[in-house]
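Just so you know, the protein sequences line up as chains A and B, in that order. Using the working numbering, read the first sequence as starting at 1 and increasing by one per residue. Using the working numbering, read the second sequence as starting at 1 and increasing by one per residue. The C-beta atom is built at its ideal place from N, Cα and C for all residues, glycine as well.
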Amino acid sequence: MSKQRIVSSLVSCVLILVLLGVALLALGEIRLDFISTLLSLIGQSTDQMTNLVVWQIRMPYLGAALITGSCLAISGLILQTLTENPLVDSSILGINAGASLGAVILIGLASQSKTLNVDNWLPRAALIGALLSFIVVSVVSRHGAKMQILLSGVALTALLNGIILMIELSLNKFDFEKILVWLSGSFWNTDRDFLLTYGVLTVVLLLLTWSVHTELETFLLGPAMARSIGVNVAKMRYLLLALAVGLAAIAVSVGGAISIVGLMAPRMAKRLVGSQMRVLVPVSCCLGCIIMVLSTLVANNLFLPSVLPVGLVTGVITMPYFLYLLFKSN
Amino acid sequence: MKVSKLWWLNTLLLLLLLFLFVLNMAGGVIWYSPRLLWQSDHTLAQQIMRTIRLPRALAAMIVGALLALSGQLMQTLSKNPIADPSILGVNAGAMLALMLGSVAGFSLSITNTIWLSVVGATLAFLVVLALAMTRQGLDPLRFILGGTVFSGFISCLAYALSVLTNTTMQFRNLLVGGFSNTNFKQVSFLAVGLLIVLLISLFNRKGFTLMVFDDATARSLGAQPGVTRFIGAIVIVISAGFSVAVAGNVGFIGLGIPAIIHYLHPDSLERNIMPNLLLGASFMLLIDLLAKTLAAPTELPLAALSAICGGVFLFIIIARGSQVTAHE
Chain A
1 MSKQRIVSSL
11 VSCVLILVLL
21 GVALLALGEI
31 RLDFISTLLS
41 LIGQSTDQMT
51 NLVVWQIRMP
61 YLGAALITGS
71 CLAISGLILQ
81 TLTENPLVDS
91 SILGINAGAS
101 LGAVILIGLA
111 SQSKTLNVDN
121 WLPRAALIGA
131 LLSFIVVSVV
141 SRHGAKMQIL
151 LSGVALTALL
161 NGIILMIELS
171 LNKFDFEKIL
181 VWLSGSFWNT
191 DRDFLLTYGV
201 LTVVLLLLTW
211 SVHTELETFL
221 LGPAMARSIG
231 VNVAKMRYLL
241 LALAVGLAAI
251 AVSVGGAISI
261 VGLMAPRMAK
271 RLVGSQMRVL
281 VPVSCCLGCI
291 IMVLSTLVAN
301 NLFLPSVLPV
311 GLVTGVITMP
321 YFLYLLFKSN
Chain B
1 MKVSKLWWLN
11 TLLLLLLLFL
21 FVLNMAGGVI
31 WYSPRLLWQS
41 DHTLAQQIMR
51 TIRLPRALAA
61 MIVGALLALS
71 GQLMQTLSKN
81 PIADPSILGV
91 NAGAMLALML
101 GSVAGFSLSI
111 TNTIWLSVVG
121 ATLAFLVVLA
131 LAMTRQGLDP
141 LRFILGGTVF
151 SGFISCLAYA
161 LSVLTNTTMQ
171 FRNLLVGGFS
181 NTNFKQVSFL
191 AVGLLIVLLI
201 SLFNRKGFTL
211 MVFDDATARS
221 LGAQPGVTRF
231 IGAIVIVISA
241 GFSVAVAGNV
251 GFIGLGIPAI
261 IHYLHPDSLE
271 RNIMPNLLLG
281 ASFMLLIDLL
291 AKTLAAPTEL
301 PLAALSAICG
311 GVFLFIIIAR
321 GSQVTAHE
């Protein structure tokens with residue numbers, strides 16, 4: 001890929017993301033014009049209502065979209081690189097379902113005992129669930145072909161979703177919306193402190209990923225080549241897998257089980273800018289954010305005044321893409 | 001020798017079915033003696049037995065048989081041991097059609113639910129088949145992966161629809177599934193469905209059996225693969241549609257029962273239809289019994305119970321490394 005193309009792709013991705021972000025802040029049941037939204041963003045607006053809408057009501061959605069988008073995209077990128085399988089991401093491998101189950105079990109336990117603090121334990125529970133399901137899938141399909149990994153992931157997801165449905169239905173029979181958070185995804189908590197914590201966590205993990213992006217790149221050449229270049233393959237693989245699982249767990253804690261975004265973003269990025277990790281990582285991240293912000297925009301605005309859960313919109317956007325890939329791959 | 005073994009299997013399964021039927025009738029929030037059915041005193045308990053538990057047990061039995069049959073056919077036609085209407089989006093298609101129907105203002109009477117879900121199942125199955133078709137014929141892997149993702153896609157649409165029209169409770173009922181409100185009218189419809197499906201299968205059993213071979217071989221043996229596949233698809237969508245209309249999205253049966261029967265008695269499709277139906281019915285009775293007694297007085301969601309069984313089972317199949325395309 002020519003340098004020019006890389007730069008222009010990166011710049012246009014960022015521009016689109018910014019535009020969509022501002023649109024997300026401006027549009028909704030209360031319509032703001034772009035100028036006043038921008039003014040409010042840089043702290044120059046004196047209109048109380050604009051400030052309230054932008055900062056208190058819509059900013060949390062933007063934050064949640066950015067967190068889930070970047071986490072899922074980078075997690076997907078790492079998994080695709082390590083497994084050398086372009087049809088993989090955390091939702092296909094069952095990692096998202098595992099994290100969801102962890103979260104659901106924690107919330108179930110918390111409703112039984114009043115002493116348990118959900119906010120503190122949620123990321124840990126999601127992480128444990130994600131790790132366990134990832135370990136199960138990789139043990140089961142360790143000798144298997146690429147397709148077998150996909151199948152075991154799909155099977156595990158079906159199983160875990162059954163358990164989630166069971167637990168949630170026995171917890172609360174009437175709050176059905178909550179169940180769907182863990183089956184198909186929705187921004188269920190838009191509390192500022194909650195999102196800030198996860199935002200910081202995301203940034204830390206993204207920076208960590210960035211610090212090893214050259215090592216990640218060597219995996220594209222295959223483990224043997226990576227070893228000969230001087231990468232400690234075993235150790236690096238563990239670190240990268242841990243990062244991928246951790247990022248997926250964060251995304252699930254914030255947005256529930258959102259599907260296939262992590263598959264779509266890196267693939268699109270690869271077509272745009274080729275496979276140099278130096279640019280692939282930021283562009284995938286950007287594209288993941290774009291998909292999530294766009295979905296949030298659609299979810300919040302398409303059927304005003306009702307608001308759709310964002311996971312449904314991402315599902316409707318991303319699943320046809322997966323089918324198209326599958327269709328094309330043979 | 002083989003025939004007598006099959007005979008034994010059938011007899012044992014029939015006994016199991018009878019036993020579970022009686023157990024299912026007896027079990028519930030309160031356990032009643034099955035003898036109440038034919039005693040002539042008109043107590044409340046007897047009324048419960050006759051008007052609530054009897055249709056429920058019958059419906060569970062028929063749905064189990066239908067699902068087992070459709071699973072068996074699906075696996076034979078796609079030459080693939082992990083095909084099942086709940087995995088491949090057929091059930092999800094029926095659910096979406098039911099949601100659309102109720103939004104469009106159809107009253108969800110029994111007739112309406114049945115034709116809606118059969119239409120939905122047909123359309124979904126057609127899409128999944130189209131996705132899986134390559135120039136070389138049906139690609140089993142694409143069938144499964146495409147089917148699962150397509151299934152998720154349709155479920156998303158159905159849920160979005162129910163959110164927008166404030167009918168989430170209805171969606172919930174479909175998703176949860178179960179036999180808690182079945183009545184005799186539904187049972188009679190189910191019985192008709194089962195009869196149709198059985199007759200079709202009976203007349204085409206030779207053709208279905210030959211489908212384990214590749215198309216060229218089957219043709220040389222006198223089968224017509226295209227026609228047989230079409231008839232098989234009809235049986236599958238009728239079975240799945242009727243089941244979803246009454247019981248919601250019930251997984252596992254179509255996947256696990258034929259596999260268990262195949263393990264117990266590896267034989268051709270036509271010989272295994274009977275034990276398959278019997279075990280499917282027995283298993284559904286057992287799951288339904290668990291759903292109504294494990295956490296009584298609340299009822300456990302049947303769909304979740306069956307999904308857990310199905311997930312574990314599917315996972316074991318894949319984990320044991322059995323070839324996805326076993327018949328090749």
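query = Roughly how many whole angstroms lie between the Cα atoms of W8/B and S117/B?
reply = Translated into positions along the second sequence, residue 8/B becomes position 8. Translated into positions along the second sequence, residue 117/B becomes position 117. W8/B and S117/B have their C-alpha atoms some 37 Å from each other.
inquiry  = For F219/A, would you say it is in contact with chain B, using Cβ-to-Cβ distances shorter than 8 Å as the test?
reply    = For the purposes of this step, residue 219/A is taken as the residue at position 219 of the first sequence. By this cut-off, F219/A is not an interface position.
query = Using 8 Å as the threshold, is the stretch 275-288 of chain A in touch with the stretch 45-62 of chain A, meaning 3 or more CB pairs across them?
reply = At 8 Å Cβ cutoff, the stretches do not touch.
inquiry  = Which residue marks the beginning of the alpha helix (DSSP H) containing Q46/B, and which one marks its end?
reply    = Reading the second sequence from its first residue, position 46 is the one you call residue 46/B. Segment 44-47, the alpha helix (DSSP H) holding Q46/B.
inquiry  = Under 8 Å, Cβ to Cβ, is there at least one residue of chain A near L164/B?
reply    = Translated into the one-based positions of the second sequence, residue 164/B becomes position 164. Output row for L164/B: interface = yes.
ask   = Is DSSP giving T339/B helix, strand or coil here?
value = What is shown of chain B runs 1 to 328, which leaves residue 339/B out entirely.
ask   = Between the stretch 289-307 of chain A and chain B, which residues of the former have a C-beta closer than 8 Å to a C-beta of the latter?
value = F303, S306
key: Selected residue, minimal CA-CA separation from A296/B, among S201/B, F153/B, V29/B, T111/B   = Taking the second sequence and counting its residues from 1, the one referred to as residue 296/B is at position 296. Checking every option, the nearest Cα to that of A296/B belongs to V29/B.
task = Under 7 Å between beta-carbons, which chain A residues line up against T148/B? List them in chain order, please.
result = Mapped onto the second sequence, residue 148/B falls at position 148. Correct list: V154.
key: Close beta carbons around S141/A, own chain, < 7 Å, minus the five adjacent residues each side   = Counting from one through the first sequence, the residue named residue 141/A turns up at place 141. Answer for S141/A: Q148, I149, S152, listed in chain order.
inquiry  = Once the 5 residues before and after R219/B are set aside, which same chain residues still bring their CB inside 7 Å of it?
reply    = As a first step, residue 219/B must be located in the second sequence, where it is residue number 219. Only P225 meet the Cβ criterion.
query = Name the chain B residues whose beta carbon is nearer than 9 Å to that of S259/A?
reply = Locating residue 259/A in the first sequence gives position 259, counting from the first residue. Those within 9 Å of S259/A in chain B are V149, G152, C156.
ask   = What does G315/A touch in chain B if you count any residue whose Cβ is under 7 Å from its own?
value = Looking up residue 315/A in the first sequence gives position 315. Going along chain B in sequence order, the residues near G315/A (Cβ under 7 Å) are G152, F153, C156.
ask   = Counting only beta-carbon atoms, is I163/A nearer than 8 Å to chain C?
value = Going by chain labels, chain C is absent from the structure shown, which instead holds the protein chains A and B.
task = Kindly list, in the order they appear in chain B, the residues whose Cβ is closer than 9 Å to that of P309/A.
result = By 1-based counting over the first sequence, the position of residue 309/A is 309. Those within 9 Å of P309/A in chain B are Y159, A160, V163.
query = Can you list the residues of chain A that P301/B reaches, using a CB-CB cut of under 7 Å?
reply = Numbered from its first residue, the second sequence carries residue 301/B at position 301. Ordered by position in chain A, the residues that pass the 7 Å Cβ test against P301/B are L165, M166, L169.
query = Excluding the five sequence neighbours on either side, which residues of its own chain have a C-beta within less than 6 Å of the C-beta of D215/B, listed in chain order?
reply = Position 215 of the second sequence, counted from the start, is the residue given in the question as residue 215/B. The residues are P225.
task = Name the two residues that bound the continuous alpha helix (DSSP H) containing L66/B.
result = As a working note, residue 66/B is residue 66 in the second sequence. Segment 54-78, the alpha helix (DSSP H) holding L66/B.
inquiry  = Could you check whether the stretch 126-140 of chain B touches the stretch 288-295 of chain A, counting it as contact only if at least three pairs of C-beta atoms, one from each stretch, sit closer than 8 Å?
reply    = no
Listed by chain order, chain A residues near V250/B by CB distance under 7 Å = The residue you call residue 250/B lines up with position 250 of the second sequence. Ordered by position in chain A, no residue passes the 7 Å Cβ test against V250/B, which lies about 11 Å from the chain.
request  = Select from S109/B, G147/B, G222/B, G232/B the residue whose C-alpha is nearest the C-alpha of Q72/B.
outcome  = As a first step, residue 72/B is located in the second sequence; it is residue number 72 there, counting from the start. Closest by alpha carbon: G232/B.
query = With 16 as the cutoff for other CB atoms within 10 Å, does Y238/A come out buried or exposed?
reply = Taking the first sequence and counting its residues from 1, one reaches residue 238/A at position 238. With fewer than 16 other Cβ atoms inside 10 Å of its own Cβ, Y238/A counts as exposed.
query = Applying the criterion that 16 or more other CB atoms from any shown protein chain within 10 Å of the CB defines a buried residue, is S78/B buried or exposed?
reply = Along the second sequence, one-based indexing puts residue 78/B at 78. Per the 10 Å Cβ criterion, buried.
query = Anyone know if the C-beta pair for G315/A and S133/A falls short of 8 Å?
reply = Here residue 315/A refers to the residue found at position 315 of the first sequence. Here residue 133/A refers to the residue found at position 133 of the first sequence. Here G315/A is not near S133/A, since their CB atoms are 8 Å or more apart.
message = On the DSSP letters alone, give me the boundaries of the alpha helix (DSSP H) that K185/B sits inside.
response = Here residue 185/B corresponds to residue number 185 of the second sequence, with the count starting at 1. Run containing K185/B: 184-203, per the alpha helix (DSSP H) assignment.
Beta-carbon contacts of V279/A that lie in its chain and below 6 Å, excluding the five residues immediately before and after = If you number the first sequence from 1, residue 279/A lands on position 279. Closer than 6 Å at Cβ, skipping near neighbours: I6, V273.
request  = State the Cα-Cα distance for the pair L15/B and L279/B, rounded to the nearest angstrom.
outcome  = Locating residue 15/B in the second sequence gives position 15, where the first residue counts as 1. Locating residue 279/B in the second sequence gives position 279, where the first residue counts as 1. Going by the C-alpha atoms only, they are around 10 Å apart.
task = Pull up the distance between the alpha-carbon of G89/B and that of V127/B, whole angstroms please.
result = By 1-based counting over the second sequence, the position of residue 89/B is 89. By 1-based counting over the second sequence, the position of residue 127/B is 127. Using only the alpha carbons, I get a separation of about 9 Å.
ask   = Would you call the stretch 214-234 of chain A and the stretch 296-313 of chain A in contact, with 3 or more CB pairs under 8 Å?
value = The stretch 214-234 of chain A, when compared against the stretch 296-313 of chain A, does not touch it at the 8 Å Cβ threshold.
inquiry  = Residues in the same chain with beta-carbon distance under 7 Å from L314/B, minus the five sequence neighbours each way, listed in chain order, please.
reply    = Residue numbering aside, residue 314/B sits at position 314 when the second sequence is read from its first letter. These residues qualify, in order along the chain: I82, L255.
message = Is the beta carbon of G288/A closer than 8 Å to that of G94/A?
response = If you number the first sequence from 1, residue 94/A lands on position 94. If you number the first sequence from 1, residue 288/A lands on position 288. Contact flag unset, no.
task = Determine whether the Cβ of S113/A lies closer than 8 Å to any Cβ atom of chain B.
result = On the first sequence, residue 113/A is found 113 positions in, with the first residue counted as 1. Answer no: the Cβ-Cβ gap between S113/A and chain B never drops below 8 Å.
ask   = What is the DSSP secondary structure of Q39/B, counted as helix, strand or coil?
value = Locating residue 39/B in the second sequence gives position 39, where the first residue counts as 1. Here Q39/B sits in coil by DSSP.
ask   = So, R205/B versus I273/B, is the Cβ gap smaller than 8 Å?
value = As a first step, residue 205/B is located in the second sequence; it is residue number 205 there, counting from the start. As a first step, residue 273/B is located in the second sequence; it is residue number 273 there, counting from the start. Contact flag set, yes.
key: Neighbour flag for F34/A against chain B, beta carbons, 8 Å   = Counting from 1 along the first sequence, the entry for residue 34/A is found at position 34. So, not an interface residue.
inquiry  = 8 Å is my cut-off, CB to CB: does V140/A come that close to chain B?
reply    = As a working note, residue 140/A is residue 140 in the first sequence. Taking 8 Å as the CB threshold, V140/A lines the interface with chain B.
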